Structure formats: C-alpha cells, structure tokens
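Working notes, structure below.
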Amino acid sequence: MNSPSPLLGTLRKIVGNAHVLTQGDLSAWEMDWRKRERGHALAVVRPGSTQEVAGVVKACAAARVGIVPQGGNTGMVVGSTPDASGTQVLLSLTRMNHVRALDAANLTVTVDAGCVLQAVQKVCEQAGFLYPLSLGSEGSCTIGGNLGSNAGGTQVVRYGNTRELCLGLEVVTAQGEIWDGLTGLRKDNTGYDLRHLMIGSEGTLGVITAATMKLYPLPVAQLTAFAAVPSLEAAVQLLGLAQQHLSSGLTGFEVMGQFALSLVSKHFPQLRIPFQDTDVPYCVVLENSDQESESHARERFEHLLEMAMEAGCVSDAVVAENFGQAHQLWHIRESIPLAQAQEGINIKHDISIAVSRIPAFVHETDALLAAAYPGARLVNYGHLGDGNLHYNVQAPEGADGEAFLRDQEKGVNTIVFGQVDAYRGSISAEHGIGSLKRDKLEQHKSPVALEMMRAIKRALDPQGIMNPGRMIRDNAAP
Ligand code: FAD
Ligand code: MLT
Ligand code: ZN
Numbered sequence: 001m002n003s004p005s006p007l008l009g010t011l012r013k014i015v016g017n018a019h020v021l022t023q024g025d026l027s028a029w030e031m032d033w034r035k036r037e038r039g040h041a042l043a044v045v046r047p048g049s050t051q052e053v054a055g056v057v058k059a060c061a062a063a064r065v066g067i068v069p070q071g072g073n074t075g076m077v078v079g080s081t082p083d084a085s086g087t088q089v090l091l092s093l094t095r096m097n098h099v100r101a102l103d104a105a106n107l108t109v110t111v112d113a114g115c116v117l118q119a120v121q122k123v124c125e126q127a128g129f130l131y132p133l134s135l136g137s138e139g140s141c142t143i144g145g146n147l148g149s150n151a152g153g154t155q156v157v158r159y160g161n162t163r164e165l166c167l168g169l170e171v172v173t174a175q176g177e178i179w180d181g182l183t184g185l186r187k188d189n190t191g192y193d194l195r196h197l198m199i200g201s202e203g204t205l206g207v208i209t210a211a212t213m214k215l216y217p218l219p220v221a222q223l224t225a226f227a228a229v230p231s232l233e234a235a236v237q238l239l240g241l242a243q244q245h246l247s248s249g250l251t252g253f254e255v256m257g258q259f260a261l262s263l264v265s266k267h268f269p270q271l272r273i274p275f276q277d278t279d280v281p282y283c284v285v286l287e288n289s290d291q292e293s294e295s296h297a298r299e300r301f302e303h304l305l306e307m308a309m310e311a312g313c314v315s316d317a318v319v320a321e322n323f324g325q326a327h328q329l330w331h332i333r334e335s336i337p338l339a340q341a342q343e344g345i346n347i348k349h350d351i352s353i354a355v356s357r358i359p360a361f362v363h364e365t366d367a368l369l370a371a372a373y374p375g376a377r378l379v380n381y382g383h384l385g386d387g388n389l390h391y392n393v394q395a396p397e398g399a400d401g402e403a404f405l406r407d408q409e410k411g412v413n414t415i416v417f418g419q420v421d422a423y424r425g426s427i428s429a430e431h432g433i434g435s436l437k438r439d440k441l442e443q444h445k446s447p448v449a450l451e452m453m454r455a456i457k458r459a460l461d462p463q464g465i466m467n468p469g470r471m472i473r474d475n476a477a478p
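Written out as structure tokens, the structure reads:
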C-alpha cells in the first residue's frame with residue numbers, strides 16, 4: 001500500500017481542510033453505537049457533494065486505501081466504524097443532508113444520503129405525506145445508512161423494509177464513477193436491478209449518495225393500543241385477528257417480554273408502563289391507521305380488541321386517547337434497547353422465523369438456554385408482525401456483563417443460531433452482518449449463496465476497498 005500522506009493532501013484538496021479530520025476526539029466516528037469496538041481511522045473525511053464523494057473514492061482507489069461509509073453510526077453490527085489498523089478512510093456522509101425534490105404527483109421524495117431520517121419524515125409530513133420508515137434511532141440514523149443496512153423498524157408489517165420504499169439510487173462506484181439511477185420509476189425491467197444489489201450491501205459495493213423514496217398519504221387517524229397477552233401463542237393469534245380485521249390498516253405490531261419491560265421500568269422510571277403490577281408474560285403494541293376518520297378507526301380498533309378478549313388472546317388493553325398518549329406507548333417500546341444498554345452489555349440477536357413457528361422456537365430455546373446458563377436473563381422483544389425477534393441474552397443479575405459476553409457469547413450463539421437453523425430462520429433479520437456476524441454468516445449461509453456474493457463483490461469492487469472485511473471475507477482487501 002502507498003504511503004498515506006500524499007493521499008491526505010489529495011483528500012484535503014477535494015473536500016477542504018476543515019473536512020479531513022485526523023486529530024482530536026474522533027470517537028463519535030470510530031466507536032460503534034453499542035461500544036463493542038473502538039477502531040482507528042487514517043482520517044475522517046466529510047464530503048459535501050456527490051462530486052466530492054467521487055473524488056475521494058477515486059483517490060482512495062488509486063492509493064488502494066479502504067473506505068468505510070458511515071451515516072449516523074447507529075448500526076448494531078460494527079459495520080460503520082473503521083478497523084484498528086489506522087489505514088482506512090472513514091467516509092462520513094452527514095454533510096450531505098439536503099432534500100433535493102418532493103414530487104407530489106409521483107409520491108416520491110429525493111434526498112441526499114446523509115439526511116437524518118426524522119428530518120425527512122418531518123419535511124414529508126409538512127407537505128402532507130407520510131414517509132413511513134420508523135426506527136428508534138430515527139433522530140440520528142440517515143437515509144444512506146437505512147439503505148446500506150436495509151433497515152426494518154416498526155412499520156414493516158404494512159410498508160415493508162427500506163428496500164420496499166426505494167425507487168431509485170445515486171451511487172458512487174468503487175472506481176469513483178457516478179451512477180445516476182434516481183428515476184423514481186415504479187416499473188423498470190431493464191436488466192439486473194442494480195438498486196437492489198446496493199440496498200443492504202452495507203457499504204461493501206459502493207457509496208449511496210442520494211435516493212428516491214416512496215411516499216404515502218398521511219393517515220387521517222392513527223390509534224395505538226397496548227395489550228396484555230397471556231402467551232406468545234396468544235400474541236400470534238392476535239396478529240392474525242388484527243390482519244384479518246384491520247387489513248392494511250394494521251401499521252404496527254410489536255411484542256415485548258415482561259423482563260424487557262421491567263428493564264424500561266428500572267432505567268426510565270418516568271415512563272408509566274401499563275400492566276406492570278400483573279404477571280402477564282408479554283405485551284403487544286399495535287397500531288391502526290385509518291383513511292376515513294378517527295371515529296371509524298376507534299370503532300374498528302375497539303371491535304378488534306373485544307373480539308380478541310372474547311377469544312382469550314388479550315387479557316387487558318388500553319387504547320391511547322390522543323397523540324401524546326400514543327407517543328408515550330410507543331416510547332416504552334422504543335426505550336427497550338436503551339434500557340438494555342444501561343443494564344449492561346448483552347448478547348444481541350436479530351432473528352427471523354416464520355411467525356407461526358415463533359412460540360415453539362422461543363419455548364424450546366428458552367429451555368435450552370436456561371439449562372446451559374442458569375440465571376441468564378432473556379430480553380425478548382421485537383417486530384412480531386414481521387416474524388423478527390430481538391432475542392437477547394443478558395448476564396445473570398449481579399454478574400459481570402463483560403465477562404459473560406467474553407466467556408459465553410460463543411456458546412449462547414451456538415444454541416440460538418442452531419435453533420434458528422433448525423427452524424429455517426435467519427441469523428440477521430434487519431441489522432445486517434457488519435464485522436460482528438461475518439464469521440456467523442459463513443457458518444449459516446449456503447456455500448452456493450456465499451460464492452455468488454463473493455462473485456458480485458469481486459465484480460463491483462475488484463480491489464476490495466469498499467468497507468473491507470465487513471459482511472464477507474475478501475481476499476482482495478488492502
Ligand atoms: P450507519 O450505522 O452509519 O451504517 C450502517 C451500515 O450502512 C454500515 O455498513 C455502513 O457502512 C453503511 N452505510 C452507511 N451509509 C452509507 C452510504 N451512504 N452508502 C453505502 N453504505 C452506507 N435497525 C432496524 O433495522 N430496525 C430498528 O428497529 C432499529 N432500531 C434501532 C434503535 C436504536 C436505539 C438504535 C441505536 C439502532 C436501531 N437500529 C434499527 C439500527 C440502525 O439504526 C439502523 O440500521 C440504521 O438504518 C442505520 O443507519 P445509520 O445512518 O446510523 O447507518
Ligand atoms: C429495535 O427493534 O428496537 C432495534 O432493532 C434495536 C435493537 O434491537 O436494539
Ligand atoms: Zn428491531
């Protein structure tokens with residue numbers, strides 16, 4: 001590899017001195033959100049335009065220096081921070097944060113990749129439209145990061161993952177060329193769909209610099225309920241009833257185990273959590289969006305909950321009376337990852353299983369873990385409507401979390417992922433692979449699929465400079 005100094009000079013010429021950082025506290029860019037790893041970058045480079053991104057990539061390609069694209073750095077799998085070598089350029093997209101266009105008739109918005117998700121939601125709402133992607137990290141994650149990781153979140157049951165929301169991309173390739181695919185077309189069968197190759201590629205194939213995303217009409221009314229359910233089987237039954245009776249009005253369906261809720265209660269005592277003094281094992285947050293009226297929405301929602309109570313799959317429920325109360329109920333759900341982080345480092349899982357098989361999976365896996373790790377605490381919650389659970393394992397009460405992680409992560413993962421394989425599930429439903437799950441991917445994906453992935457990587461990034469070592473092992477990487 002060439003000496004980095006001439007490269008730094010070139011990068012400074014491209015983006016300006018102020019936007020090439022090599023000194024001071026760079027931890028915001030170098031440390032991952034969960035504080036699992038601290039890397040060290042050659043430089044943090046903050047381009048302000050697509051042309052500048054192209055210039056930076058060309059310069060790095062010429063010097064054969066690895067590039068790590070980064071948005072809000074809220075990813076869960078250590079994929080957006082540099083490794084410890086001090087040789088990689090951390091490419092932060094956050095200066096590229098303009099909404100380029102909103103096309104009301106086409107129901108699309110075109111934004112720079114560094115736009116923060118919440119800012120995009122707000123701009124669209126002010127224009128009378130819904131941009132439906134919704135994540136607990138929406139105040140800091142970016143559209144580029146959402147696309148890079150194909151993020152899911154809490155509205156997937158109705159609107160799909162980020163992939164389903166994307167109608168076009170602008171990308172800087174690993175050679176520093178600009179591909180303008182911002183067509184906004186809903187139909188385009190002109191060969192391989194390069195957009196879908198880039199989405200979910202976690203920065204390993206190119207840099208997304210802008211995107212055209214789908215919009216929806218704002219719902220006329222939106223109601224949220226918090227329901228106590230007697231079992232996971234009951235939660236799945238409730239999901240079926242909700243899908244049948246609300247149809248596309250069902251826009252959120254999240255499950256939360258009692259222990260997960262108790263952590264929220266412990267670390268955020270100001271949040272009032274319904275049914276905490278009872279012994280219900282699970283609660284569900286469900287949301288009904290309606291295009292007719294508030295009273296229509298309430299009538300349908302209350303009818304659903306009455307039916308569910310009669311069927312025995314809901315033991316108690318509260319329906320938010322207004323937007324503020326709904327926000328509070330969602331806030332409880334969204335606080336679980338934060339409460340868990342406060343409780344201490346944990347073994348996080350992001351698995352998907354066919355919804356119908358989730359109760360059996362959880363019962364069996366709970367029993368296997370309890371036998372192997374007595375006292376280990378299961379923080380089980382997630383997007384049940386999508387068959388996606390965050391089936392996390394926390395050290396026993398009072399035990400050293402770091403030591404538990406160091407000594408037991410491998411064994412815990414062997415049990416959990418073994419079960420995921422047995423149930424034909426996925427070891428990563430929405431968070432991606434990054435460096436944290438790269439070796440797991442090799443163990444759990446078929447050799448044929450892995451070879452196709454490597455062939456794509458070799459074809460689009462023959463030097464292996466894009467997010468080296470993330471997602472798949474790559475012999476060409478610098
Ligand atoms: P980063 O973390 O910066 O990057 C993520 C990946 O994308 C990296 O591999 C990076 O290299 C790549 N990347 C970033 N920008 C680009 C670009 N412009 N071009 C190419 N590649 C790029 N995730 C979910 O799916 N569902 C959830 O419900 C959810 N909830 C969360 C709640 C909390 C509290 C937190 C902290 C995280 C949550 N996440 C969730 C994870 C994370 O927020 C999402 O994955 C998010 O999409 C990451 O966006 P980001 O801008 O922070 O990306
Ligand atoms: C969530 O659903 O809350 C997110 O995916 C984040 C997490 O699991 O920590
Ligand atoms: Zn999630």
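Numbering (this note's numbering), first residue to last: 1 to 478.
Note that the Cβ used here is the ideal one computed from N, Cα and C, for glycine as well.
Fair warning: this is a prediction, and the values are worked out from it, not measured in the lab.
Let me check you understand the geometry: is the CB of residue 46 closer than 7 Å to at least one non-hydrogen atom of the ligand FAD? Distance from the C-beta of residue 46 to the nearest heavy atom of the ligand FAD is not below 7 Å.
Entirely enclosed beta strand (DSSP E) segments - the region 259-290, minimum 3 residues: Entirely contained in the region 259-290, the beta strand (DSSP E) runs reaching 3 residues are, in chain order, 282-290.
Note down, one range per segment and in chain order, each beta strand (DSSP E) of at least 3 residues found wholly within the region 49-125. The qualifying runs are 67-70, 89-92, 99-103, 108-112.
Mapping the DSSP letters down to three states, classify residue 243 as helix, strand or coil. Here residue 243 sits in helix by DSSP.
Under the assumption that residue 493 contacts residue 226 (Cβ atoms under 8 Å), give the Cβ distance between them as a whole number of angstroms. Nothing can be reported for residue 493, as the shown portion of the chain is limited to 1 through 478.
Per-residue burial, residue 189 [other beta carbons within 10 Å of its own, 16 or more giving buried]: The residue in question, residue 189, is exposed, as its Cβ has fewer than 16 Cβ neighbours within 10 Å.
If you measure between the beta carbons of residue 431 and residue 149, is that distance less than 8 Å? Yes, these two residues count as a Cβ contact at 8 Å.
Please tell me whether, using a cut-off of 7 Å, the distance from the CB of residue 100 to the nearest non-hydrogen atom of the ligand COA is below it. The ligand COA is absent from the structure shown, which contains only the ligand FAD, the ligand MLT and the ligand ZN.
Could you give the distance in angstroms between the alpha-carbon of residue 441 and the alpha-carbon of residue 299? Between residue 441 and residue 299, the alpha-carbon positions lie close to 46 Å from each other.
My understanding is that residue 75 touches residue 435, with C-beta atoms under 8 Å, so please give their C-beta distance in whole angstroms. Not confirmed; about 11 Å, so no contact.
Under the three-state DSSP convention, the category residue 189 falls into: Residue 189 carries a coil assignment under DSSP once its states are collapsed to helix, strand and coil.
Beta carbon of residue 431: closer than 7 Å to some heavy atom of the ligand FAD? Yes, since a heavy atom of the ligand FAD falls inside the 7 Å radius drawn around the Cβ of residue 431.
How is residue 391 classed by DSSP in three states: helix, strand or coil? In this structure, residue 391 counts as strand in the three-state DSSP scheme.
In whole angstroms, what separates the C-alpha of residue 263 from that of residue 30? One C-alpha to the other measures close to 28 Å.
The region 174-181 contacting the region 142-160, beta-carbon criterion three pairs below 8 Å: The region 174-181 makes no contact with the region 142-160: fewer than 3 CB pairs, one atom from each, lie closer than 8 Å.
The beta strand (DSSP E) enclosing residue 180, as first and last residue numbers: Segment 178-181, the beta strand (DSSP E) holding residue 180.
Residue 410 versus residue 417 - alpha carbon distance: Each residue's Cα considered, the two are about 10 Å apart.
Less than 8 Å between C-beta atoms, sequence neighbours within five positions excluded: which residues of the same chain meet that for residue 365? Cβ neighbours of residue 365 beyond the five flanking positions: 391, 415, 416, 419.
Over what stretch of residues does the alpha helix (DSSP H) that includes residue 28 continue unbroken? Counting along the chain, the unbroken alpha helix (DSSP H) around residue 28 starts and ends at 27-30.
Candidates 67, 302, 287: closest to residue 219 by CA position: Nearest of 67, 302, 287 to residue 219, Cα basis: 287.
Local conformation of residue 168 per DSSP, three classes: DSSP places residue 168 in strand when its eight states are reduced to three.
Can you tell me whether residue 82 is buried or exposed? The criterion is at least 16 other CB atoms within 10 Å of its CB, across all chains shown. By the neighbour-count rule (16 or more Cβ atoms within 10 Å), residue 82 is buried.
Rounded Cβ spacing between residue 89 and residue 43 (contact assumed at less than 8 Å): Their Cβ separation, rounded to whole angstroms, is 6 Å, which keeps residue 89 and residue 43 in contact under 8 Å.
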